[in-house]
Structure formats: structure tokens, C-alpha cells
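Okay, so here's the structure we're looking at.
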Amino acid sequence: MLEGRRGSLVMLLVLLVSMGAPLGLVETVAAEPSSSEEALEAEGLALVALRNDTLDLNQDGDADAIRVVVIMNTTNEFSNIELRLYGVHKDREVHDSRTMSFSGQSNASIIYDAWAQGEHVLRLEIVNQNGETITTIQLPTYVLRPALKTPQITLDLEAPSWIETGDACTIDRLFADETGPRYAAEGVRTFSGAPFTVLDNQTSLNCSHWPAGEYMLKEAYRNDLGQTTESWLNITIHNRPAPAFSLSVRGDGNTTDTPCMITMVPNMAGVDFTTFDKIWSVQGQQLPGTESNTYDCSVLPAGVHLIGLEVINNEQIRTVHGLNLVRQPSEDLTKEEAEALPSRSFGEDTETESVGWYSIGALGLIVAVIVFFMLVRVKDEEEGSGLRSLGPTPTILPDGSPDPEGMPTTTDDSGTLWRQQPDGSMDWWDQDLRIWHKW
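The sequence shown maps to residues 104 to 542 in the numbering used here.
Below you can see the structure in the form of C-alpha cells.
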């Protein structure tokens, strides 16, 4: 028996000389006669050698991992065992495992990565294929500094310094944790402050469609090893103002045979109006096309014309301006053109006709009768008619709030309720009319 132990010790020394001692301190434990040895022999196993190497994985000069090398021998035709390496730091325990399936002699190695700075107490368990612990070997205690990345969270904002509704706005969620996943101790991430639900798999948040307001965003994380981290981000989104512009007119009051042009002049510095919709109208009738900044009013006949321009920005905020344009008839008119023109006064040369007092009295009587019947009819209609219908009654939830139909909602600083459509667009709730409006 003693000769066998000496042979094992000689083999171990040869192995150490041949393998060397990489990356730091090497501690070697040879099998000694004990209950552990007897337990292994009962399974047909023998521990030939056990080697512990300290490693410096990040090359910073401090030990941050332990590599345990085990050489086993079996007298069985084939053996299946599991090696479990446990590490304890401040009453928290983690472990890693390797499976050995071999005949004759074989070896295996397990690396323990330090997950916190300080003392780590190691032990090795050898488990049979039935999950029963054959023996436990207590290993030395090491002072280690972690090389694994501890949890880190960063909220990175990509947006203008002054953010308005509709501006390009992105929040990147940068997250890293090598320690928790290494030992199956991943934790939970929590996000608060956003107007809508944020999922863990959303690495980037699009805040371009968020309502105006002040947001205090916070993301926190804690893994099962007790490591925590958090990140804060405060942003303010301002309401985008309505398009501001004026109308420049050339040809107002001129005759119809002279040029006439109305031009939109933007009055907002740094705002690009080229992508805005421009809707021109004459006498309330919309003209085709929504891109032109000018309107050629030379085509208008003589008379007074109401010209309107509605400008709608990318957030569907609109501004309407209008003006009265006067076009005088030209001197060279044909008889047909003159008859088509509206009547006008020629001063003292204007021809008039006297209708007489009897005609005026008869006309007044007719007007009085017509007004009387109209008043009677209006009164009857008021008595018989009720309130106008505002459409179908919306569904109201038990708490008195409107049904958002499954869409996420938020309330802004002014108390207005918003809901987000699947395509990212927004609706707001009209408390007076009790309907949803597109925004």
C-alpha cells in the first residue's frame, strides 16, 4: 500500500515538472489515506493527482481565477463521474461542474472565476452517476480580484439639446453583466419613468412619438449574487409650435391683364418647410396639390377673392392664413367680358330708378309676412328637436375612464389622456365630446 502511494507521488512530481506552473502560484494536493480514498476505492476510483493554478485572465497583475486539474484512475471497465467546484465568498456560494466519462486514467480541469474581491473558499466534490457525493476535498482559500464585468447600465440619449415633439429621439440602453450569467445568477431589470411599457429586450427606445412633458427615466438591475447597478436620465420634450408664416402679395388691386402672385414666407428660423403640406384655397374651394409655396392669382377674374393657405407640419399641427385679393377689370374688355363682370358704381353717372312709396310699403309687408312665418317655423323646430347626436357612445370603464381598446395610455402635465396606436401615432381624449381625436 505504501509503495503504491509512493508511486503515485512520483508520478505527480513528474507531471508537475512536465506541465510547469503557468500564471502564478501552484498548489498540489496528493491523495492521502483517508475516508475519501476509501470512498473512491469503493467506486473503483483513485485520485492520482490534484493541481490548483492561480490565473490572471485580464493581465492586470492580480489573481482572478483558479484552475483545478484532476487526474483520476478507474479499475472499472467504464466510469461516469461529475466534478463540482464550489466557491464561497461572504456566505454566497457558486459552483461549476465538469463530467468525466473514461476508462483507465483520465484528467479534467475546472476554472473558478472570482466574481467579487476578497477571500474565496474552494472545495471539490466528486459525484457518481446517481448524483450521490462520493467524497469532498477541501481546497485552499484564495484572495482574488474579479476579472468578470460586474453589472453596468447606461442610458444614452441621442437627440437635439432642445427636444420638441416629433424630433428624432432615441434612448440606447447599454447593459452588461458577465458575473450573473456565469453562475446562473441573472437578475431582474426594471425601467421606470417612460410613458409606455418598456420590455427587457428593447435595447433602443424611440422617444420621437412621446407626448410633451418632463421625464425622469431610471433603469436598475440586481443579480442573484447581490450585485446592483442603476442609471438615471432626465429629458424634457417641448410642444412643437404651429407653423409661422406670412403671405407676400404682388398684384393686389391691379387690373386682370397684369401679373399676380401670392408667396408663402416662412417666419421660423431653422425650420424646413419643404416637407410640410400647403393647401391653397380660393373662396373656400381647395386647389389641387399640397407642395407649392406660391399661387398664381393671374387666372382670377375681376372681383374680390378670398385666398387661403393652410400649412400642416409633420406632427399634423396646422396654421391657416387668408387675405382678400382685389382684381380690377382691364380697360380693353369685350362686351361679353363686361357683362360677366360684377356690377359697379359709376358715381353721378350711375342710372337709378324710383320705385315709389307704394312699392316700398308693399315690399315691406311681404318681408314682414315672410319673417313671421320663418320665426314660427323655427320655434316649432326648436320644440320638436333634441340635442344633436355626437355619435355612438364610447365604452366607459368602471373607474369612469374611457376604454383605450387595449392600447397603452399616458396622461400629460395638462391632464390630457393620450393613447398610442400600434403604428406609433397618438390619440387624445376629448372630455367634452367624449371621443378620441387623432393627434
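For each residue, glycine too, the CB sits at the ideal point set by N, CA and C. Quick caveat, the model's predicted, so the values are computed rather than measured.
For the options 201, 235, 270 and 522, the alpha carbon positioned closest to that of residue 374 is the one of 270. With a cut-off of 8 Å on Cβ pairs, the segment 386-397 is not in contact with the segment 424-438, counting fewer than three such pairs. Residue 287 and residue 346 have their C-alpha atoms some 55 Å from each other.
Residue 147 has its alpha-carbon roughly 10 Å from the corresponding atom of residue 175. For residue 538, the secondary structure class from DSSP, reduced to helix, strand or coil, is strand.
Note that the C-beta distance between residue 219 and residue 243 is not below 8 Å. Secondary structure at residue 402: helix, using DSSP grouped into helix, strand and coil. In this structure, the beta-carbon distance from residue 245 to residue 157 falls below 8 Å. Fewer than three Cβ pairs drawn from the segment 290-301 and the segment 502-509 lie within less than 8 Å of each other, which leaves the two stretches out of contact. Look at residue 374 here: in three-state DSSP terms it is coil, with no helix or strand label. Counting along the chain, the unbroken beta strand (DSSP E) around residue 243 starts and ends at 236-247.
Taking one beta carbon from each stretch, the segment 216-236 and the segment 186-202 have 3 or more pairs nearer than 8 Å; the two touch. Among the bridge pairs identified by DSSP, residue 430 is matched with 406. When the five nearest sequence neighbours on each side are left out, the beta carbons in the same chain lying within less than 8 Å of the beta carbon of residue 341 are those of 265, 266, 267, 268 and 315, in order along the chain. Under the three-state reduction of DSSP, residue 470 is assigned to helix. Spanning the alpha carbons of residue 138 and residue 252 requires a straight line of approximately 40 Å. Per DSSP, residue 517 lies in no beta strand (DSSP E) and is assigned neither H nor E. Residue 208 has 176 as its beta-bridge partners, per DSSP.
In this structure residue 325 does not touch residue 306 by the C-beta definition: roughly 20 Å separates them, more than the 8 Å allowed.
Taking 8 Å as the cut-off, the Cβ atoms of residue 241 and residue 183 do not count as close. The count of Cβ pairs closer than 8 Å, one atom from the segment 397-407 and one from the segment 319-335, stays below three, leaving the stretches out of contact.
Residue state for residue 218 is assigned as coil, using DSSP reduced to three classes. Here residue 340 is bridged, per DSSP, to 266 and 316. Here the alpha carbon of residue 419 sits roughly 7 Å from the alpha carbon of residue 542. In the three-state DSSP reduction, residue 143 falls in the helix class (H, G or I). Residue 460 counts as exposed, since fewer than 16 other beta carbons sit within 10 angstroms of its beta carbon.
In the DSSP assignment, residue 359 falls outside any alpha helix (DSSP H) and carries neither an H nor an E. An exposed status is given to residue 300, since fewer than 16 other beta-carbon atoms sit within 10 Å of its beta-carbon. Scanning its chain for C-beta atoms nearer than 6 Å, with the 5 sequence neighbours on each side dropped, one finds around residue 423 the residues 413, in chain order. Looking from the CA of residue 150, the closest CA among 225, 237 and 473 belongs to 237. Under DSSP, residue 411 forms a beta bridge with 384 and 425.
The continuous stretches of beta strand (DSSP E) do not include residue 282, which lies in the alpha helix (DSSP H) extending over residues 282-285. The beta carbon of residue 160 sits closer than 7 Å to those of 167, 168 and 250, all from its chain and outside the five residues before and after it, given in chain order.
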